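Quick note, the sequence shown lines up with residues 1 to 67 if you use full-length UniProt numbering.
Glycine residues also receive a C-beta, built at the ideal position from the N, C-alpha and C atoms.
Everything numeric in this text was worked out from a predicted model, so none of it was measured.
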Amino acid sequence: MEELLWARRIRAFRKLKGFTQISLAGKMGIAVSILGQVERGSRVPDDEFLQKTADALGVSMEELQSH
1 MEELLWARRI
11 RAFRKLKGFT
21 QISLAGKMGI
31 AVSILGQVER
41 GSRVPDDEFL
51 QKTADALGVS
61 MEELQSH
């Protein structure tokens with residue numbers, strides 16, 4: 001279930017910050033398919049992915065974890 005929590009948090013922040021999946025994945029330097037898998041809950045993000053996401057969105061890890 002943890003992957004579904006991350007999926008909702010990442011998707012919510014991405015939309016709040018005005019990113020598309022394509023633009024956020026590009027800023028993170030990852031494939032759009034990987035971001036899509038995380039946002040659908042079919043892939044559990046590792047710590048490196050979460051840090052890249054937080055950095056790209058301009059939020060702290062604490063914000064990303066508690067949204």
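Annotation: Gly41 to Glu3 spans about 5 Å, alpha carbon to alpha carbon. Classified as exposed, Glu62 has fewer than 16 neighbouring CB atoms from the shown chains inside 10 Å of its CB. Our two residues, Asp47 and Trp6, have alpha carbons roughly 12 Å apart in a direct line. Secondary structure of Thr20 (DSSP, three-state): coil.
In the three-state reduction of the DSSP assignment, Val38 falls in the helix class. In this model, Gln37 and Leu24 are separated by some 14 Å (Cα to Cα). Residues of the same chain with a CB within less than 6 Å of the CB of Lys27, apart from the 5 flanking positions on each side, are Ala56 in chain order.
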